[in-house]
Each structure stands twice: as C-alpha cells, then as structure tokens.
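Undergrad: Protein sequence lines, in the order shown, are assigned to chains A and B.
If you count the first sequence from 1, position 343 lands on 343 in my numbering, and the numbers rise without skipping.
Numbers in my numbering are just positions in the second sequence, counted from 1, shifted up by 397.
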Amino acid sequence: MGEVDTAPDATSLAREADAPRNSQVARFGADRPLKLDAGVELSPFQIAYKNYGTLNADRSNAILICHALTGDHHVASPNPVTGRPGGWETMVGPGKPIDTERYFVICSNVLGGCMGSTGPASTNPKTGKPWGLDFPVITIRDMVRAQAMLLDELKIDTLFAVAGGSMGGMQVLQWAASYQHRVFSALPIACATRHSAQNIAFHEVGRQAVMADPEWRHGRYFAEGTDPRRGLAVARMGAHITYLSDAALHRKFGRKFQDRENPTFSFDADFEVESYLRHQGSSFVERFDANSYLYLTRAMDYFDLAADYNGVVANAFRGAETRFCVVSFTSDWLFPTPESRAIVHALNASGARVSFAEIVTDKGHDAFLLDEPELFAIVRGFLDGAAKARGLKNGKQ
Amino acid sequence: MLSRLKRDLTMAEAARGAGGARVDLLLVAEMVAPTSKVLDIGAGDGELLRILGEQRGVDGRGIELSREGVNECVAKGLAVIQGDADTDLADYPNDAFDYVILSQTLQATRRPRVVLEHMLRIGQNAVVSFPNFGHWKIRLQLMFGGHMPSTDNLPYAWWDSPNIHFCTIKDFRDLCDVAGARIDRAVAFNAWGTPLRFNAPWWFWNLFGEQAVFLLSRRG
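(1) Along chain A, which residues have their Cβ under 8 Å away from the Cβ of Phe468 (chain B)?
(2) On the three-state DSSP scale, how would you describe Pro188 (chain A)?
(3) Just the C-alpha distance for Gly439 (chain B) and Val354 (chain A), rounded to the nearest angstrom, thanks.
(4) DSSP state of Gln501 (chain B), grouped into three classes?
(5) What are the complete alpha helix (DSSP H) segments, minimum 4 residues, inside the segment 239-306 of chain A?
(6) Out of A:Arg236, A:Leu187, A:Pro20 and A:Val183, state which residue places its alpha-carbon closest to the alpha-carbon of Val205 (chain A).
(7) Can the beta-carbon of Val610 (chain B) be found less than 8 Å from the beta-carbon of Leu424 (chain B)?
(8) List the residues of chain A whose Cβ lies closer than 7 Å to the Cβ of Arg453 (chain B), in chain order.
(9) Throw me the rounded Cβ distance for the Ser500 (chain B) and Ser526 (chain B) pair, which I believe falls under 8 Å.
(10) Could you tell me the boundaries of the alpha helix (DSSP H) in which Gly168 (chain A) lies?
(11) Can you pull the DSSP bridge partners for Glu461 (chain B)?
(12) Quick check on Ser331 (chain A): buried or exposed, where buried means 16 or more other Cβ atoms within 10 Å of its Cβ?
(13) With 8 Å as the threshold, decide whether the Cβ of Asp99 (chain A) is near any Cβ in chain B.
(14) Helix, strand or coil for Leu42 (chain A), going by three-state DSSP, please let me know.
(15) Locate the beta strand (DSSP E) running through Asn522 (chain B), then write down its first and last residues.
(16) Name, please, each residue of chain B whose Cβ falls closer than 8 Å to the Cβ of Asp384 (chain A).
(17) Output the distance between the C-alpha atoms of Cys564 (chain B) and Ala578 (chain B), rounded to the nearest integer angstrom.
(18) Would you please state the rounded distance, in angstroms, between the beta carbons of Lys155 (chain A) and Arg59 (chain A)? I believe it to be under 8 Å.
(19) Would you mind listing the alpha helix (DSSP H) stretches within the segment 338-397 of chain A that are 4+ residues and don't spill past its ends, in chain order?
(20) Got a sec: is the Cβ-Cβ distance from Gln501 (chain B) to anything in chain A below 8 Å?
(21) Name the DSSP beta bridge partners of Ala585 (chain B), please?
(22) State yes or no: is the beta carbon of Ala493 (chain B) nearer than 8 Å to at least one beta carbon in chain A?
(23) Ordered along the chain, which non-local residues of its own chain (more than five positions away) have a Cβ less than 6 Å from that of Met604 (chain B)?
(24) Can you pull the chain B neighbours of Gly381 (chain A), defined as C-beta to C-beta under 7 Å?
(25) Span of the beta strand (DSSP E) holding Ala144 (chain A)?
(26) With a CB to CB cut of under 8 Å and the five nearest residues on each side skipped, what residues in its chain are close to Pro431 (chain B)?
(27) Taking 8 Å as the threshold (beta carbon to beta carbon), is Val354 (chain A) in contact with chain B?
(28) If you measure from the beta carbon of Arg447 (chain B) to each beta carbon in chain A, is any gap under 8 Å?
(29) So for Gly466 (chain B), helix, strand or coil by DSSP?
(30) Return the first residue and the last residue of the beta strand (DSSP E) that Cys573 (chain B) is part of.
(31) State buried or exposed for Thr127 (chain A), treating a residue as buried only when at least 16 other CB atoms are found within 10 Å of its CB.
(32) How many angstroms separate the CA atom of Val327 (chain A) from the CA atom of Leu150 (chain A)?
(33) Excluding sequence positions up to five away, which residues of its chain have a Cβ less than 6 Å from the Cβ of Asp35 (chain A)?
(34) Determine, using beta carbons only, whether Phe222 (chain A) and Ala386 (chain A) come nearer to each other than 8 Å.
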C-alpha cells in the first residue's frame, strides 16, 4: 500500500489540480460560468474526467459515476498520483457489474476537488496563485450542475444511470432531483438525503485538525511554502475510523502489537491499529489537498435535499420516472440503514419505482468500495433490468 | 428440514400450471388487469412479480420481509424493497396503485385487519390469497389427531410457524365485512390447483377449498 512513484509534495498537488495527468479536461470559459448556490459565479473553470467503454449510436448507454469525498475520477484505471489501481475497480470495468464493455462510463473529478477539476488548489486566474480560501464555498448541487455542464459538452442528454456511494450517493440523489428527465436510473449507495448532526460533528473535528496545524496558514500554505500534512493526516485518521466498524477493526487488528512482543510504555504506535491509522493518514496527505478537504466536507454538511423542497424529500422526486436502487450496509454507522430507508420512504411517497437492499457485512461504510459479492449481484441485476427497459442490447453496444 | 423441503416440493410439483408457474400465483395474476400498477406485499423470491411483468405487462413493485428474498428480487431487476407489511404500509399514499396483492402472507401478519385496510386505501383493488384453515383435511387432523394440523401447504410445526393468524374462507368473508371491503370475485381451489365449481355454496368452498383468492375493492 501507498507505493508512490515520486513522493509528491504540496507543489506537485497544485500542479495536478491545474494539469491532471491521464485525464481529459473540459474547460468552460467566461461565456459559460457556473452559477453557485453561494450566489456567485465561477468562471472560468475546468472539469477533469475519465471515460471508459464506448458511447452507442443512440447515446443512451452512458453511466455517470459520482465519486466519494476523498475519491477521484480514476475509478477503473491506475491513479496517476498514487500509482495504485482505480478507486472502484471492483465495480467498474470489463465484465464488472458496471460493465465497460456494455456501458459508456464517465467519472469526473468533483468540483472543489484537487485532481484536475477547479478547486481551492487550482490557480485563480485573477491572481495567478492558488485559490485557497478565496475559492467560493460549494454545495453538492453545484457539483452536480458542473457535471451536467460536462454532459452537455459531451452531448449526452440522458444518462442511462448515475451511481455513487457516500458523497457520491448524495450527488446521485441531487441528480435525480435536479435533472429527473436526464436520469433513467439511479443508484444512491450508503448515503442520505441530508448530513446528520453526528456526521457534521465528525467533519468539524477533521476541519479543526487541519486548521490547527500551524503550517495551514489560513489556507495560504502554497504561497508560504508550508504543508499542513499533520493536521490533514489527523483529520484522515479520525474520518477513517468512521468508514470502518468496531467489528471490522477487531477482526483486522484486535489488540495485536505492531512488530513487538510487549508494550513499550511510550506513545509509539504499539498497537497494529495505531500503526494502520498513521499509515492511512500519511499516505492520504500525499494525494489530497488540505483546503479541498475543508471545502468538500463542507459541501456534504450543507446537503439537505428536503430544505430545497419545502421540507419534504418526496417533493424532490415527484413525477420522476427514474428507476432507483438504494443500497445500505448493516455495519455502516456513518450512513446507517435508517437513512437509506428514509430515502425509500420518500421515493415511495412520490410514487417512484424503487428497489432497496440492505447488505449484511462487518466492513462498515467503506463496504461499497470493497469486495461485496451481494452488492455486485444487486447492481448487475438492477442495471440489467433497467437496460432491458431502456432497450439497450445485451453485450457490446 | 429435509422432510419439510420434500413436502414443499411435492406441493409445488402438484400445483404448477403451464410454464411451470405456481397455480395460485397464476390465479392471482389473472385477477390483475394488464398494464396496471401493482404492489405485491410479501414478494418472496419475486415469482409473482415476474409473472405479472411477463404475462400482464404490469408496472410491479414489491415489499418483502426477508433480506435474502429482497436481494434475490433486486438482483433479478425487480423493484422490491425490504419492509414489513405490519409497519410500512402506512407510509404509502392513498390510491398509489391499481392493485395491492397479499399472496399467501395474510396469515403471517400481526394485524390482518389493519393490513387489509391499508391495502384498500393504497390500492383501487386488493387481491388476497390465503390457505383455508377450514379445509376438511385440517378439520380432520384437529378432530381425530388432536394436534395442530400440518399439510403439504402448511408444513410447519406450530412452534416454528411464521403463520400466526390462520382463518377459514368464512372467517375471511367476515373480515372483509368489518374492514369495509367489497368482494368482487373469489376463487377456491383444491390441492392440485384446480378451481372449485364457481357456483358452489360458501360452505362447500370452505370445506373443500385448500386455498382461496379474493379480489376486493373499497365498499361504498
């Protein structure tokens, strides 16, 4: 884990934000500004993306993948920054449940991210320096607006499916609400219609860890040549615990010591679980921008679908002909099953066509990214049924 | 376990119509108008929804209690959610469906009357199929055997049976009365899935019908 070609530093992260490797980039000039929920316009801006498979003649087999908070658009091909396999290769690829031999799969780096779409690490054209905290605060809806502009650019009117877990699932729900006629089917996985108080609280701890790092310098670390890696690593360590479960941690690590027989009576990483978390923290900072982390966690905190629809989530989906497949995991305590059930209730109340499955696993929230055969069977079966309804041919398009 | 499996198979073999589908499901499907919108409560492995989709072109949704059943249905591409007939029907708006179906599930609900009332509220029509506890074989077992009946159709011992609210065809008619349901159609059929004579009196159905299917609507 954590094999890095060249140890990236803060500067190389800034470079990736402007000129992403192994990515396509859609640029939107002054004539096409992005109207943000914050009441300002972002312009110019760019969206980095990857696509896999072939778009059919009808342009009807496109699937948009929405990645999670710390993911990126390299879902089914090696990540140019870490050198590691794609972020959702268990799910997306040739012969996989989201089959790139059958579907045209698009994934874009999220607005506010740090892997090639405009975000706080990108260069602010007005100053020639990274945006930092001058970057406007963005929302899940802003991310989805940017994705819709990318699809316009690609001349894809209707998505066959939009799929994603966690923050990606929030984008899926927003897609179904904002652009219901452009979404034939939707797979919101391990997510919720709004971020809970507990989740906002976890995020705030993470942000405070970043901001407490003296090297953060009010977000001006690129300009000042510093690197708030300690703060960001602590934020990641805390967050990573919420992605797992008590049972999974116990199964993987228990109380085992790390490379030693006895405790050292010090604050070294005596326990395997400590060593694991430290590794998670230190490898994360090699690939992620601290300010991006602040902005993206904030976007999740602000997400509350009901708020935009007179307090009733069902209103968001009224009249929708979209087919939904909602999935949750038994050991997910970040987005527990009742959150998914609330989505299902809203969809039922709006008369939408919805499937819902809860999968038994001890892997916690992260289960959606891991090897879960039942999840794969459900996604495959759901997409097969939707493909039949959409009139997509079997096999290659 | 093996013996139960064997009995279930015997029953299933006996009551399969053309295409290998269970006859009770075919009878239920027959009561549903083509291309209507249907909610199947207790969707099981999705067999009825599959038949309804393939043979009647309906827009079908399902609720199923068991996680295994739900995941099997969803993997087949059916719109089924995990849920409980006793608690989750309240979340559905009025008149959301043309038909609400309760196939072989009534006897497993905690509050059959509330479930039926919700069905009549959510759907224009309700279809209910259930095993008839007034069947002569069951009466004989109770009368001469002196123990809770166990049949091909109802293979469980009383202490591990999911069926907690058995009724006879006559009892069900009474429930329709108190729940405000009008009986638009009713069919009783024997162990081989052959429907009993249409114009037979209720007492005859109640004695010789192993199962029954009712098509109901809101009264008044």
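Beta carbons are placed, not taken as given, at the ideal position from N, Cα and C, and that holds for glycine.
TA: Working from what's here:
(1) The residue asked about is misnamed: residue 468 (chain B) is Asn in this sequence, not Phe. Correct list: Ala357, Ile359, Glu374, Ala377 and Ile378.
(2) Residue state, collapsed to three classes: strand.
(3) Computed Cα separation, rounded: 16 Å.
(4) Of the three classes helix, strand and coil, the one that applies to Gln501 (chain B) here is coil, per DSSP.
(5) If only uninterrupted alpha helix (DSSP H) runs of at least 4 residues are considered, those enclosed by the segment 239-306 of chain A are 246-252, 272-285 and 290-302.
(6) Closest option to Val205 (chain A), Cα to Cα, is A:Arg236.
(7) At a Cβ-Cβ threshold of 8 Å, Val610 (chain B) and Leu424 (chain B) count as neighbours.
(8) Chain A residues near Arg453 (chain B): none, gap ~16 Å exceeds 7 Å.
(9) Contact check for Ser500 (chain B) and Ser526 (chain B): beta-carbon distance about 5 Å, within the 8 Å limit, so the pair qualifies.
(10) Taken as a continuous stretch (DSSP letters only), the alpha helix (DSSP H) holding Gly168 (chain A) covers Met167 to Ser178.
(11) DSSP, once it has assigned bridges, lists B:Gln479 as partnering Glu461 (chain B).
(12) Ser331 (chain A) sits buried, since 16 or more C-beta atoms from the chains shown fall within 10 Å of its C-beta.
(13) No, no contact with chain B.
(14) If DSSP states are grouped into helix, strand and coil, Leu42 (chain A) belongs with the strands.
(15) Counting along the chain, the beta strand (DSSP E) containing Asn522 (chain B) begins and ends at Gly520 to Pro528.
(16) Per Cβ cutoff of 8 Å: Gly474.
(17) Cys564 (chain B) and Ala578 (chain B) have their alpha carbons spaced roughly 17 Å apart.
(18) Rounded to whole angstroms, the Cβ separation of Lys155 (chain A) and Arg59 (chain A) is 7 Å, and the two are in contact under 8 Å.
(19) Listed in chain order, they are 373-390.
(20) Gln501 (chain B) does not count as touching chain A.
(21) Paired residues: B:Ala609.
(22) Using beta-carbon distances, Ala493 (chain B) counts as an interface residue toward chain A, with a partner under 8 Å.
(23) In the sequence as presented, Met is not what sits at residue 604 (chain B); that position holds Leu. So the list reads Trp533, once near-sequence residues are dropped.
(24) Here the neighbours are Val471, Ala472, Lys473 and Gly474.
(25) The sequence given here has Val at residue 144 (chain A), not Ala. For Val144 (chain A), there is no enclosing beta strand (DSSP E); the residue is part of the alpha helix (DSSP H) that begins and ends at Ile140 to Glu153.
(26) Arg453, Gly454 and Val455, listed in sequence order.
(27) Yes, because at least one Cβ of chain B sits closer than 8 Å to the Cβ of Val354 (chain A).
(28) With 8 Å as the cut-off, Arg447 (chain B) does not count as an interface residue toward chain A.
(29) DSSP places Gly466 (chain B) in helix when its eight states are reduced to three.
(30) Element bounds for Cys573 (chain B): not the beta strand (DSSP E) but the alpha helix (DSSP H), Ile566 to Ala576.
(31) Exposed is the call here.
(32) Looking at the two C-alpha atoms, the distance is approximately 27 Å.
(33) Per the sequence shown, residue 35 (chain A) should be read as Lys rather than Asp. Answer for Lys35 (chain A): Glu41, listed in chain order.
(34) Going by C-beta atoms, Phe222 (chain A) is not nearer than 8 Å to Ala386 (chain A).
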